[in-house]
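Residue numbers (this note's numbering): 31 to 131.
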Amino acid sequence: MRSPDAPVLKRASVNCTLAIAHGLFNATDLATYLKQRIKYNGKLHNYDDAIEVKVDGHDVILFLSEAFSTRYIRYLTKKFICKIELKDIVRPVSVDFSKAR
Numbered sequence: 031m032r033s034p035d036a037p038v039l040k041r042a043s044v045n046c047t048l049a050i051a052h053g054l055f056n057a058t059d060l061a062t063y064l065k066q067r068i069k070y071n072g073k074l075h076n077y078d079d080a081i082e083v084k085v086d087g088h089d090v091i092l093f094l095s096e097a098f099s100t101r102y103i104r105y106l107t108k109k110f111i112c113k114i115e116l117k118d119i120v121r122p123v124s125v126d127f128s129k130a131r
């Protein structure tokens, strides 16, 4: 049983299986982009222990200790796709509340 003082971890993930299978980009590239660009409380690199970004195979997993918008993660994923000039080929799709492809 969880103690009442322990933070509740939300989990959000971005599945990059199709993009990796076609050789378009790596999950580590997306993870480093997210680490560099995530704003927390209006500032870059201000998320010390609130957000953790990990790569698990073809998935980029974000562990969120506080309420955080999953739309913002999708927005940053779209920005990454535009940055590497794959806007016409790849499109992020929300599968579930906490998952995107």
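Note that the Cβ used here is the ideal one computed from N, Cα and C, for glycine as well.
Using a 10 angstroms sphere on the CB of residue 63, the tally of other CB atoms reaches 16 or more, which defines it as buried.
For residue 113, the closest C-alpha among the options 40, 74, 99 and 54 is that of 54. Residue 42 is positioned such that its CB atom lies closer than 8 angstroms to that of residue 92. Here residue 83 is not near residue 51, since their CB atoms are 8 angstroms or more apart. Residue range 47 to 51 is occupied by the alpha helix (DSSP H) that includes residue 50. Boundaries of the alpha helix (DSSP H) harbouring residue 106: 100 to 113, taken from the DSSP string.
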